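Student:
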Amino acid sequence: MTKTKKGYELYPLTVAQKFHLYYLPYCPSAAVLNIGTSLTIGTEVDWEVLRGSINKAYERNEAMRIRFTKDADGTYYQYIVDDTEDRKSRKIDFVDFYGQSMEEAENTMRQWTSVPFPFEDSPMTKIVMIRTPDGFNGVYFLGHHMVVDAQALIAFLKDIIEIYCNKKYEGIPYPKEMCSYVEQLKKDLAYEAGSKAKQRDSEFFENLIRQSEPVYNGICGTDKLEAARKMFENPELRTAFNATADVTSALDIFHLEEEPTKRLLDFCEKYHVSLACLLLMGLRTYFQKENGQDDVSINNAIARRATLKEKKCGGTRIHSFPFRTIFSKNMKFIDAVYAIRDLQNEMFRHANYNPTEYFAYRSKVYRQPKAGLTYEPMSLTYQPMTLREKGLDDLGGISYKTKWYPNGMTTQAMYLTVMHRPEDNGLDFNFEHQVKAVSKKELEYLYYYLCRIMFKGAENPDLSIGEIIQLV
Numbered sequence: 022m023t024k025t026k027k028g029y030e031l032y033p034l035t036v037a038q039k040f041h042l043y044y045l046p047y048c049p050s051a052a053v054l055n056i057g058t059s060l061t062i063g064t065e066v067d068w069e070v071l072r073g074s075i076n077k078a079y080e081r082n083e084a085m086r087i088r089f090t091k092d093a094d095g096t097y098y099q100y101i102v103d104d105t106e107d108r109k110s111r112k113i114d115f116v117d118f119y120g121q122s123m124e125e126a127e128n129t130m131r132q133w134t135s136v137p138f139p140f141e142d143s144p145m146t147k148i149v150m151i152r153t154p155d156g157f158n159g160v161y162f163l164g165h166h167m168v169v170d171a172q173a174l175i176a177f178l179k180d181i182i183e184i185y186c187n188k189k190y191e192g193i194p195y196p197k198e199m200c201s202y203v204e205q206l207k208k209d210l211a212y213e214a215g216s217k218a219k220q221r222d223s224e225f226f227e228n229l230i231r232q233s234e235p236v237y238n239g240i241c242g243t244d245k246l247e248a249a250r251k252m253f254e255n256p257e258l259r260t261a262f263n264a265t266a267d268v269t270s271a272l273d274i275f276h277l278e279e280e281p282t283k284r285l286l287d288f289c290e291k292y293h294v295s296l297a298c299l300l301l302m303g304l305r306t307y308f309q310k311e312n313g314q315d316d317v318s319i320n321n322a323i324a325r326r327a328t329l330k331e332k333k334c335g336g337t338r339i340h341s342f343p344f345r346t347i348f349s350k351n352m353k354f355i356d357a358v359y360a361i362r363d364l365q366n367e368m369f370r371h372a373n374y375n376p377t378e379y380f381a382y383r384s385k386v387y388r389q390p391k392a393g394l395t396y397e398p399m400s401l402t403y404q405p406m407t408l409r410e411k412g413l414d415d416l417g418g419i420s421y422k423t424k425w426y427p428n429g430m431t432t433q434a435m436y437l438t439v440m441h442r443p444e445d446n447g448l449d450f451n452f453e454h455q456v457k458a459v460s461k462k463e464l465e466y467l468y469y470y471l472c473r474i475m476f477k478g479a480e481n482p483d484l485s486i487g488e489i490i491q492l493v
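Our numbering applies: residue 22 is where the sequence shown begins, and numbers increase by one.
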């Protein structure tokens, strides 16, 4: 029988949503699940038209109207409220930062990002219209990770821009409809309910796990692995403690300029590989160099937005799995990149599998002396979507800025998100890291060698991994 609340149908949570609930108990604040960002443009804005465009974007986007609720036995469900109820339950404020410093404005938005949402029967996103001290105008958006991921957020902000531009400027077309979140949700739930596809994916990952046990690689070499071996008096141990109990985090951003970024993208185009493959190759080679091991495993986030319906349905869809490569130093750089591409493509085909089941199965196959030991030193997300929007480009020469605001905590030692800057299409390397687990100096070292490896490899793809390591 269908469960309802206030006349709305209740749906179970998806795997991607539940994943966020798993680590919540380890954090002092639920704000760990907040994503904050701002988008501002260097031109005057008609605030009432912008307000109307924001409301219209909410109306067009089911996922932005998700609410959560708990039944009597403590199980969480989600439901979608209609546009009328949604509008009643949220307001769009305007904040003018003019006259303050940029630092003060950014600190305020960082503060907003660290305030958790009430979880039950409440909006899980909010928007503030802002004027920043540099004279730019736009919006600050705050979303809860269980209703929005980076791609959903970008698609939503793009929708607001396009609706606004259509209302304000001649010749700008009205954006195409968004896709249904509920339709996609039903597909995900049907998959989970014992489908043949799930069985196939389960077999794929269980076979992968059983092949052999990975080994931990540290950002500064083998010190953490050696410490764990000593602690448990086991010289064969292959895991280490990576994260710390203190979840306080910092965000350090490194900017790669447009011209060197283009060199990397040209390499990818020439050899028909994605930038994600080159980034994975650069990172795993860095760990190989620092640890002297051919066997490297890092967590890799998969967006699960291959189809147009998935791209435009909103919500949170990311599944993250360990990405393990065993490459000898004699292997050619380009052959290793191709091997990464092939493995990635294979994993994409099975990416609906529940990552929590992956980790549970792996810990059953390779029992560890204590909880919290891991093989993966970090996570990587590459975000190919950008807010570089045709609607804005058509207006010609309007400059705009985006900024992400950290929520101040993370359960992972290090999480790298690589994104394209809308201003110049260079790359931003966003390292969110636990302050006690990884220092800024260590990140500078990693970033320096990651870039050297990628550029040396892109310039000399026929050299072996060992030769590239020697050259950098």
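Beta carbons are placed, not taken as given, at the ideal position from N, Cα and C, and that holds for glycine. These numbers were taken from a predicted model, which means no experiment stands behind them.
What residue from Tyr100, Arg250, Lys350 has the CA that sits closest to Phe140's CA?
Tutor: When each option's Cα is compared against that of Phe140, the closest is Tyr100.
Student: Would the region 331–350 and the region 306–322 be scored as touching if the rule is three or more Cβ pairs under 8 Å?
Tutor: yes
Student: Identify whether Lys39 lies in helix, strand or coil by the three-state DSSP scheme.
Tutor: helix
Student: Within 10 angstroms of the Cβ of Ala20, are there 16 or more other Cβ atoms? Answer buried if so, exposed if not.
Tutor: Past the edges of the chain, shown from 22 to 493, lies residue 20, and the structure says nothing about it.
Student: Do Met145 and Val168 have their CB atoms nearer than 7 Å?
Tutor: yes
Student: Measure the alpha-carbon distance for Ile75 versus Ile148 and round it to whole angstroms.
Tutor: 8 Å
Student: Check this for me: beta carbons of Lys350 and Gly487, under 7 Å apart or not?
Tutor: yes
Student: Please state whether DSSP places Ser216 in a helix, a strand or coil.
Tutor: coil
Student: Relative to the alpha-carbon of Arg111, which residue among Asp483, Glu480, Glu80, Gly303 has its alpha-carbon at the smallest distance?
Tutor: Glu80
Student: I believe Tyr237 touches Arg221 by the beta-carbon criterion, under 8 Å. Please report the beta-carbon distance rounded to the nearest angstrom.
Tutor: Incorrect: roughly 30 Å between the Cβ atoms, too far for contact.
Student: Could you tell me the boundaries of the alpha helix (DSSP H) in which Asn366 lies?
Tutor: 354–370
Student: On the premise that Leu45 lies in contact with Val53, defined as a C-beta separation below 8 Å, what is that separation, rounded to the nearest angstrom?
Tutor: 7 Å
Student: Do Lys188 and Val70 have their C-beta atoms closer together than 7 Å?
Tutor: yes
Student: So, at 7 Å on beta carbons, what are the nonlocal neighbours of Glu279 in its own chain, with the 5 sequence-adjacent residues on each side left out?
Tutor: Asp445, Asn446, Gly447
Student: Quick check on Glu311: buried or exposed, where buried means 16 or more other Cβ atoms within 10 Å of its Cβ?
Tutor: buried
Student: Alpha carbon to alpha carbon, how far is Tyr29 from Lys330?
Tutor: 23 Å
Student: If we ignore side chains and look at the alpha-carbon of each, how far apart do Tyr396 and Ile113 end up?
Tutor: 44 Å
Student: Please list, in chain order, all residues of the same chain as Val268 whose beta carbon is under 8 Å from its beta carbon, the five residues on each side excluded.
Tutor: Excluding residues up to 5 positions away in sequence, Tyr47, Cys48, Pro49, Val53, Met430, Thr431, Thr432, Gln455 lie with their Cβ nearer than 8 Å to the Cβ of Val268 in the same chain.
Student: Can you name the start and end residues of the alpha helix (DSSP H) that Gln15 belongs to?
Tutor: Only positions 22 to 493 of the chain appear in the structure, and residue 15 is not among them; the question remains open.
Student: Using alpha carbons as the reference points, say which of Ser201, Phe452, Leu471, Val66 lies closest to Met150.
Tutor: Val66
Student: By DSSP's criteria, Trp425 is part of a beta bridge. Which residues make up the other side?
Tutor: Thr58
Student: Per DSSP, which residues does Ser400 bridge with? Please list them.
Tutor: Asn320, Tyr436
Student: Check this for me: beta carbons of Met199 and Lys333, under 7 Å apart or not?
Tutor: yes
Student: Any contact of the region 284–299 with the region 419–429, i.e. 3+ C-beta pairs under 8 Å?
Tutor: no
Student: With DSSP as the reference, label Thr269 as helix, strand or coil.
Tutor: strand
Student: If I'm right that Ala434 touches Ala264 with Cβ under 8 Å, what's the distance once you round it to whole angstroms?
Tutor: 4 Å
Student: Since Leu286 is in the alpha helix (DSSP H), which residue starts that stretch and which ends it?
Tutor: 279–292
Student: Do Pro443 and Thr423 have their C-beta atoms closer together than 7 Å?
Tutor: yes
Student: What's the call for Met85, buried or exposed, on a 16-neighbour Cβ count within 10 Å?
Tutor: buried
Student: Per DSSP, what kind of secondary structure is Leu448 in: helix, strand or coil?
Tutor: strand
Student: Can you tell which of Glu183, Lys477, Thr58 has the C-alpha that lies nearest to the C-alpha of Gln132?
Tutor: Thr58
Student: Where does the unbroken alpha helix (DSSP H) through Met302 begin, and where does it stop?
Tutor: 296–312
Student: Nearest to Gln121 by CA position, among Val317, Lys26, Asp155, is which residue?
Tutor: Asp155
Student: Measure the beta-carbon distance from Asp273 to Leu34 and round it to whole angstroms, keeping in mind my assumption that it falls under 8 Å.
Tutor: A Cβ-Cβ distance of about 32 Å is found for the pair Asp273 and Leu34, leaving them out of contact under the 8 Å criterion.
Student: How many Å lie between Tyr403 and Tyr190 at the Cα?
Tutor: 33 Å
Student: Between the beta-carbon of Asp483 and the beta-carbon of Lys283, is there less than 7 Å?
Tutor: no
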